[in-house]
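Residue numbers (this note's numbering), protein chains in the order written: chain H, 65 to 519; chain L, 65 to 519.
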């Protein structure tokens, strides 16, 4: 038979046990925090109908979406019996796509099970999504997303809790210096309104403002000009760009400027309320700030938006989210308020691996029971079963003889203890326990070994 | 905007929180047993190259495989600018497919990382697979498989441990009466050899024998005739079909008959060795048997094969597996012995749900902190954060007022405790805890509440 060269699709990865343990460590921390705040698990199919996915992620999204071939169209005969394929519509060839994010499936779920679901519905979802992006460092075609959303409450408390969750997760993961940037889409609309820009050019203004940190005030002004924003409008926007400082100062300054804009004032008052809740929750004030330049790309946000930046080590954005009170309406016909966040867990895992922030555990196995020779085989089998009955993760080496090889195996796998069961041990009804880290070896009664391993 | 009717592809499912908790309960039991036997987690991409998948699952598999459209071929213009599509080969339209099982990806992994992996490699993998089968009760197009495999050991101990794992999982899940059927492909080859059937017709003989339980001896004889097996051969096979009884009897009888077949004798001696190990492991003898009629469909098995049948409640097969010493060779060019099992977890979950064998937990949340009115809001926020700091899963109700509605919400979600924080409680620096099951309500100091909830 012809040999098949083993390889995987570009931008996808295998997770061998050592990597899996690291991933599980990170995911468990995140899950535990979600559940502590009352969020429950949800999973949806990997494949969704193209009708559901299309048009939700812009033209780029439609292009980057993996689409699945329909069965039974006969297109698989291309190149065999067929050399051309005629059809009225592409949808007759493909009607399903791979999940592109976890927000659209959530909205679909809310709409589909509206009568079964009790609102507020707080769910978390940790599952892979697929995008045919150009693979590069840290960017994959199959990657896990990790979302927590609160559906059904318009209260700023829901947004505050989302920020509290992000704060707690980042701390629990071991990030000690980070900032959760907070802004509100209504403040951005207020800036557009106040500066007299045509609302249709609002997005242009936001895109330019969002770049402030990267390109500076002069850069933003140049960008605004390039996007056909009038000089008079730019003159009004400029002083807003200069607003910075602690939360109270920023809110006070922007509230004065946006006084004349109803939508802007609403955004400021929402933000003030949100900040009050963060204080009541005793979130450390150095962990968050109000950043009037934060815009975030997705068009569906309607209220508070947030993004967390890890400053030390300097690694950029790890989470992003906001309120989207109108998205569910696309499926349900009736708007339901919702807010939530995505954690970029692939990036978190990559960064934590690079910075050695993850436990060095290579295996879940606590002990390897070696096999001395054929005469002691049955004693080794009985012993390993006894360990397992005591809920100790134990592996038995199957081939007898060559203890050196067996020790090397345990060492390579990172198994912390090894047990030797030779004729001497069998006779005394004992076993020898070797600590692979300290090198210490003792001949003990089995019950004593159980006690040591149970610790 | 036009309303999108929310629905999901045929044969796929959403798992709402209550179902997720049931799934996680089952999966956790299985994972813990795998890890107790030294198996480590592995995950592979959902998408594999068609070169890897094709030809591994027979013609039917090739047809039932979900294939993914290549990006950038222009086929998406069909029906718009295009009405026909010309191409030299189907592979230019689709080169990836969704994972069809977890065994082929395992073999690919072994071949790809041969130099990084230490043998024996004991891995478990719990991930979805996709098959475009006709959806029906209990059969899905996206479903999870759950495999444990031991790669690198030819010892019958590896097979015995696999059986021990199945035994322990079924017991831990709460199945109390089941039988793990054991046979060996070499015994089946031995029957073919002994009866003088042309080896090319060997599969035909096995398919017929496999049906014994369903169609009886006469049925098998008719089937053998229909498959062009000579009368003389059938006459030799008949007495073997009659062999049954306890393990020792079956092995003794078949060993006598197959004495003259080298391959058959090898199969008998492998099975004897396997049974010895099961005895040493103290697996209850009533939980397994040697069943000479068990054949199992997959062509890649080479040695022991096993299948577990739950007899009470009478629900049929829940696991299947065996030894496949030559499959990895398809990728590596060098054979590596391997054995393992698949657990049909979708079926297990369906059956356990039907039979009420799953915990009735509806949520991971332990307590709902209600919100009395605006004046106590801040006290409620502080209290819920205090509970979370004590690692208690707690939800805060965001809208104040209407305690009745809030109690109803907790009841619907199945949250076992509710806390009321009214002006009276705030003044006394206490809170009222209500047990939603017993109905009992007490006004207590917060520390006392923490103690009760921590239990």
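Don't be surprised by glycine CBs; every beta carbon is placed ideally from N, CA and C.
>> Going by DSSP, what residue range makes up the beta strand (DSSP E) through residue 381(H)?
In response: Your numbering for residue 381(H) matches position 317 in the first chain. Taken as a continuous stretch (DSSP letters only), the beta strand (DSSP E) holding residue 381(H) covers 380-387.
> Which whole-angstrom value describes the C-beta separation of residue 88(L) and residue 105(H), a residue pair presumed to lie in contact below a C-beta threshold of 8 Å?
Replying inline: Within the second chain, residue 88(L) is the residue found at index 24, counting from 1. Within the first chain, residue 105(H) is the residue found at index 41, counting from 1. Going by Cβ atoms, the distance from residue 88(L) to residue 105(H) rounds to 7 Å, so yes, they are a contact pair.
> Taking Cβ positions only, does residue 78(H) come closer than 8 Å to chain L?
Replying inline: One-based indexing of the first chain puts residue 78(H) at position 14. Yes, contact with chain L.
>> Can you check which of these residues, 234(L), 510(L), 71(L), 500(L), is closest to residue 381(L) by C-alpha distance?
In response: Mapped onto the second chain, residue 381(L) falls at position 317. The shortest C-alpha separation from residue 381(L) is found at 234(L).
>> For the segment 401-434 of chain L, list every residue whose C-beta sits within 7 Å of some C-beta in chain H, in sequence order.
In response: 427, 428, 429
> If residue 73(L) and residue 377(H) are in contact, beta carbons under 8 Å, what's the gap, nearest whole angstrom?
Replying inline: Against the second chain, residue 73(L) aligns to sequence position 9. Against the first chain, residue 377(H) aligns to sequence position 313. Their Cβ separation, rounded to whole angstroms, is 43 Å, which puts residue 73(L) and residue 377(H) out of contact at 8 Å.
> What number of angstroms, rounded off, separates the C-alpha of residue 299(H) from the C-alpha of residue 368(H)?
Replying inline: Within the first chain, residue 299(H) is the residue found at index 235, counting from 1. Within the first chain, residue 368(H) is the residue found at index 304, counting from 1. Each residue's alpha carbon lies about 26 Å from the other.
> So which residues of chain H does residue 500(L) contact, with C-beta pairs closer than 9 Å?
Replying inline: If you number the second chain from 1, residue 500(L) lands on position 436. Here the premise fails: no neighbours, minimum Cβ distance about 15 Å.
> For residue 254(L) versus residue 329(L), is the C-beta spacing smaller than 8 Å?
Replying inline: Counted from its first residue, the second chain places residue 254(L) at position 190. Counted from its first residue, the second chain places residue 329(L) at position 265. Closer than 8 Å, so yes.
> Who does residue 431(L) pair with in a DSSP beta bridge?
Replying inline: Position 367 of the second chain holds residue 431(L). According to DSSP, which records beta bridges pairwise, residue 431(L) is partnered with 458(L), 481(L).
>> Taking CB distances under 8 Å as the criterion, tell me whether residue 235(H) reaches chain L.
In response: Here residue 235(H) refers to the residue found at position 171 of the first chain. Not an interface residue.
> residue 239(H) and residue 351(H): beta carbons closer than 8 Å?
Replying inline: Taking the first residue of the first chain as 1, we reach residue 239(H) at position 175. Taking the first residue of the first chain as 1, we reach residue 351(H) at position 287. Going by C-beta atoms, residue 239(H) is not nearer than 8 Å to residue 351(H).
>> Cβ closer than 9 Å: which chain L residues qualify as neighbours of residue 395(H)?
In response: Residue 395(H) sits at position 331 when you count from the first residue of the first chain. Result: 67, 68, 69, 70.
> Grouping DSSP H, G and I as helix and E and B as strand, with all else coil, what is residue 207(H)?
Replying inline: The residue given as residue 207(H) occupies position 143 in the first chain. Looking at residue 207(H) - three-state DSSP - the assignment turns out to be strand.
> Counting pairs of Cβ atoms below 8 Å between the segment 113-120 of chain L and the segment 173-188 of chain L, do you hit three or more?
Replying inline: no
>> Given the structure, does residue 73(H) come close to the ligand ATP, in the sense that its CB is under 7 Å from one of the ligand's heavy atoms?
In response: The ligand ATP is absent from the structure shown, which contains no ligands of any kind.
> Using a Cβ-Cβ cut-off of 7 Å (strictly less than) and excluding sequence neighbours within five positions of residue 308(H), which residues of its own chain qualify?
Replying inline: Counting from 1 along the first chain, the entry for residue 308(H) is found at position 244. Contacts found: 314.
> In the DSSP assignment, what residue or residues form a beta bridge with residue 105(H)?
Replying inline: Locating residue 105(H) in the first chain gives position 41, where the first residue counts as 1. According to DSSP, residue 105(H) bridges with 188(H).
> Which two residues bound the contiguous alpha helix (DSSP H) that contains residue 159(H)?
Replying inline: Taking the first chain and counting its residues from 1, the one referred to as residue 159(H) is at position 95. Note, residue 159(H): premise wrong, no alpha helix (DSSP H); beta strand (DSSP E) at 158-162.
> In or out: residue 141(L) buried (at least 16 other Cβ within 10 Å) or exposed?
Replying inline: Position 77 of the second chain, counted from the first residue, corresponds to residue 141(L). Per the 10 Å Cβ criterion, exposed.
>> Please list, in chain order, the residues of the segment 445-469 of chain L that have any C-beta partner in chain H closer than 8 Å.
In response: 445, 446, 449, 452, 455, 456, 457, 458, 459, 460, 462, 463
> Alpha carbon to alpha carbon, what distance is there between residue 111(L) and residue 128(H)?
Replying inline: In the first chain, the residue the question calls residue 128(H) occupies position 64. In the second chain, the residue the question calls residue 111(L) occupies position 47. If you take the alpha carbons of residue 128(H) and residue 111(L), they lie about 15 Å apart.
> Where do the N-terminal and C-terminal ends of the beta strand (DSSP E) with residue 402(L) fall, by residue?
Replying inline: The residue labelled residue 402(L) in the question sits at position 338 within the second chain. Start and end: 402-407.
> Any idea what DSSP makes of residue 359(H), helix, strand or coil?
Replying inline: Position 295 of the first chain, counted from the start, is the residue given in the question as residue 359(H). Residue 359(H): coil per DSSP, three-state reduction.
>> Please list the terminal residues of the continuous beta strand (DSSP E) segment that includes residue 495(L).
In response: Reading the second chain from its first residue, position 431 is the one you call residue 495(L). Where residue 495(L) is concerned, the enclosing beta strand (DSSP E) stretches over 494-499.
> How many Å lie between residue 268(L) and residue 334(L) at the Cα?
Replying inline: As a position in the second chain, residue 268(L) is number 204, starting the count at 1. As a position in the second chain, residue 334(L) is number 270, starting the count at 1. Cα to Cα, the separation comes out at about 24 Å.
> Helix, strand or coil: which one does DSSP assign to residue 395(L)?
Replying inline: What you label residue 395(L) is simply residue 331 of the second chain in a count that begins at 1. Here residue 395(L) sits in helix by DSSP.
>> Just list the residues that DSSP pairs residue 570(L) with in beta bridges.
In response: The question about residue 570(L) has no answer, for chain L in this structure spans 65 to 519.
> Among 91(L), 68(L), 188(L), 363(L), which has the Cα closest to the Cα of residue 103(L)?
Replying inline: The count along the second chain starts at 1 and reaches residue 103(L) at position 39. For residue 103(L), the nearest C-alpha among the options comes from 188(L).
>> Can you list, in chain order, the residues of its chain with a C-beta nearer than 7 Å to that of residue 157(H)? Leave out the 5 residues immediately preceding and following it.
In response: In the first chain, residue 157(H) corresponds to position 93, counting from 1. Correct list, in chain order: 133, 134, 137, 139, 151.
> Which bits of chain H does residue 346(L) rub up against, with CB to CB less than 8 Å?
Replying inline: As a working note, residue 346(L) is residue 282 in the second chain. Result: 446, 449.
> Quick one, which residues of the segment 274-286 of chain L are near chain H if we go by CB-CB under 7 Å, in chain order?
Replying inline: none
> Do you know whose CA, among 361(H), 324(H), 257(H), lies nearest residue 275(H)'s CA?
Replying inline: Locating residue 275(H) in the first chain gives position 211, counting from the first residue. It is 361(H).
>> Just to confirm before moving on: does the CB-CB distance between residue 149(H) and residue 143(L) stay below 8 Å?
In response: Within the first chain, residue 149(H) is the residue found at index 85, counting from 1. Within the second chain, residue 143(L) is the residue found at index 79, counting from 1. Cβ atoms of residue 149(H) and residue 143(L): not closer than 8 Å.
> Which class does residue 212(L) belong to by DSSP, given the choice of helix, strand or coil?
Replying inline: As a first step, residue 212(L) is located in the second chain; it is residue number 148 there, counting from the start. If DSSP states are grouped into helix, strand and coil, residue 212(L) belongs with the strands.
> Can you check whether the CB of residue 426(H) is closer than 8 Å to the CB of residue 82(H)?
Replying inline: Residue mapping note: residue 82(H) aligns to position 18 of the first chain, counting from 1. Residue mapping note: residue 426(H) aligns to position 362 of the first chain, counting from 1. Contact: yes.
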